[in-house]
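Q: Residue numbering for the sequence shown follows numbering that gives the first Met the number 0, starting at 0 and increasing by one per position.
We put the beta carbon where it would ideally sit given N, CA and C, even for glycine.
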Amino acid sequence: MQAMHRLLKTDPTPMLKKQNNFIQRFLSIVFFTPVIIFSIFWSAWTYFFLFFYVVMLAMLEFYKLLKQANVAPMRGYGIWLGLLLYTIAFSYYLQVNYSPLLSYGCIPLTILIYVATLYSRKPSNPFLDIAATFLGILYIALPCSMLHYLAFFNGIYSNQLILGLLAIVWSQDTGAYLVGSAIGRSKLFKRISPQKTWEGFWGGALFSVIAGYAMAYVFNILPLWQWLSISVITIFTGTYGDLVASLLKRSVDVKNASEMIPGHGGLLDRVDSLLLTIPTVVAFLKITLLYG
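Now the structure itself:
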């Protein structure tokens with residue numbers, strides 16, 4: 000990873016900055032995308048560990064952002080509770096060594112978050128610190144735990160829904176970036192994210208719908224109308240997820256959650272579109288199964 004950073008790190012002139020960022024983004028995609036696809040495709044366990052690390056690292060980045068806002072979340076307890084929630088949900092759907100008693104493991108960790116505040120060296124605002132700890136769990140760990148519903152949509156592990164959803168989200172993000180960079184003029188939400196434009200939004204929408212249409216022919220787990228519905232959902236939840244993350248970062252005056260992924264920022268910057276999309280897609284599928 001360090002070697003990759005040294006390879007991509009340059010000192011561009013203003014004229015070359017956009018081109019250099021595009022190259023960094025492209026090389027990061029070439030490096031990370033096969034790893035992600037392989038992990039999801041290979042087995043339920045490689046999928047589990049992939050998103051296990053996503054939850055852990057994204058929550059770590061989130062809590063670091065909060066510390067810059069002079070909030071002191073119980074970082075260790077929050078991450079452990081988030082990972083436990085993610086693991087319990089996976090165990091439930093996998094039906095391997097699952098016991099309802101596992102859920103009780105969340106109770107002592109939840110209590111410890113409150114108790115640990117008593118021993119904090121700087122409990123300037125304990126209400127805010129406790130709330131921030133649980134916000135990390137609700138914002139990151141809970142949506143990733145709901146991802147298991149898509150992984151085990153038909154009762155057994157299948158990579159189709161997850162790969163399809165990622166393809167749609169990535170297409171929307173790529174379309175927004177390419178079109179916005181090329182012809183973006185009208186600001187979408189200048190107060191929150193000055194670089195996002197309406198042109199980029201519609202470019203992302205077009206790419207998302209095209210990807211949804213393609214997924215209906217690549218994966219037969221859902222009919223065409225449901226894939227297209229997921230595409231439409233992603234257009235809005237992906238955009239708002241990105242804007243919410245931008246609002247959080249802007250509040251502490253940083254552009255990216257970290258510099259883990261060259262050209263993209265941190266891991267949280269890469270999954271922010273998914274954090275609102277996953278729960279909405281799960282709700283959509285449950286409703287259509289119930290009333291469809």
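1) Return yes when the Cβ of Ala57 is within less than 7 Å of the Cβ of Ile139, no when it is not.
2) In the DSSP assignment, find the beta strand (DSSP E) that holds Gln194 and state where it starts and stops.
3) Pick helix, strand or coil for Leu221, following the three-state DSSP scheme.
4) Starting from Phe133, follow the alpha helix (DSSP H) in both directions and report where the run begins and ends.
5) On the criterion of 16 or more Cβ atoms from any shown chain inside 10 Å, does Asp252 qualify as buried, or is it exposed?
6) Pull up the distance between the alpha-carbon of Phe89 and that of Leu117, whole angstroms please.
7) For Met145, which residues of its own chain have a beta-carbon under 8 Å away from its beta-carbon, when the five flanking residues on both sides are left out?
8) Just tell me which of Glu60, Lys66, Pro72 has its CA closest to the CA of Phe126.
9) Out of curiosity, what's the CA-to-CA distance linking Tyr85 and Val53?
10) I need the straight-line Cα distance from Asn159 to Trp41, nearest angstrom please.
11) Mind reading off the beta-carbon distance from Ala244 to Gly202? Whole number of angstroms is fine, and I expect it under 8 Å.
12) May I ask you to report which of helix, strand or coil DSSP gives Met14?
13) Checking the sheet assignment: what are the DSSP bridge partners for Lys186?
14) For Leu7, name the three-state secondary structure that DSSP assigns.
15) Straight-line CA distance for Gly75 to Ile182?
16) Thinking just about the alpha-carbon of each residue, which of Ser228, Phe51, Phe61, Gln171 is nearest to the one in Thr238?
A: In short, the structure shows the following:
1) For this step, residue 139 is matched to residue 140 along the sequence shown. For this step, residue 57 is matched to residue 58 along the sequence shown. Note that the C-beta distance between Ile139 and Ala57 is below 7 Å.
2) For this step, residue 194 is matched to residue 195 along the sequence shown. That run of the beta strand (DSSP E) goes 192-196.
3) One-based indexing of the sequence shown puts residue 221 at position 222. Three-state DSSP puts Leu221 in coil, outside helix and strand.
4) Position 134 of the sequence shown, counting from 1, holds the residue named residue 133. Here the alpha helix (DSSP H) through Phe133 covers 125-135.
5) Reading the sequence shown from its first residue, position 253 is the one you call residue 252. Burial call: exposed.
6) Counting from one through the sequence shown, the residue named residue 89 turns up at place 90. Counting from one through the sequence shown, the residue named residue 117 turns up at place 118. Answer to the nearest angstrom: the Cα atoms are 33 Å apart.
7) To locate residue 145, count along the sequence shown from 1; it is residue 146. Closer than 8 Å at the Cβ level, and outside the excluded window around Met145, lie Ala88, Ile277, Pro278, Val281.
8) For the purposes of this step, residue 126 is taken as residue 127 along the sequence shown, with counting starting at 1. Phe126 has its Cα closest to that of Pro72, out of Glu60, Lys66, Pro72.
9) By one-based count along the sequence shown, residue 85 stands at place 86. By one-based count along the sequence shown, residue 53 stands at place 54. In a straight line, the C-alpha of Tyr85 is about 11 Å away from that of Val53.
10) Taking the sequence shown and counting its residues from 1, the one referred to as residue 159 is at position 160. Taking the sequence shown and counting its residues from 1, the one referred to as residue 41 is at position 42. The sequence shown places Gln at residue 159, rather than the Asn named in the question. Taking the straight line joining both Cα atoms gives about 12 Å.
11) What you label residue 244 is simply residue 245 of the sequence shown in a count that begins at 1. What you label residue 202 is simply residue 203 of the sequence shown in a count that begins at 1. No, Ala244 and Gly202 are not in contact; Cβ-Cβ is about 20 Å, not under 8 Å.
12) Walking along the sequence shown from the start, residue 14 turns up at place 15. Only weak support is given to the placement of Met14: the predicted model assigns it a pLDDT of 49, under 50, and the question is left unresolved by the model.
13) Sequence index remark: in the sequence shown, residue 186 carries index 187 (1-based). Bridge partners of Lys186: Thr196.
14) Reading the sequence shown from its first residue, position 8 is the one you call residue 7. Reliability fails at Leu7, whose pLDDT of 48 lies under 50, so the model's placement of it is uncertain and the value that follows must be treated cautiously. Looking at Leu7 - three-state DSSP - the assignment turns out to be helix.
15) Within the sequence shown, the letter at position 76 stands for residue 75. Within the sequence shown, the letter at position 183 stands for residue 182. If I take the Cα positions, the gap works out to 44 Å.
16) Position 239 of the sequence shown holds residue 238. Looking at the Cα atoms, Gln171 is the closest of the given residues.
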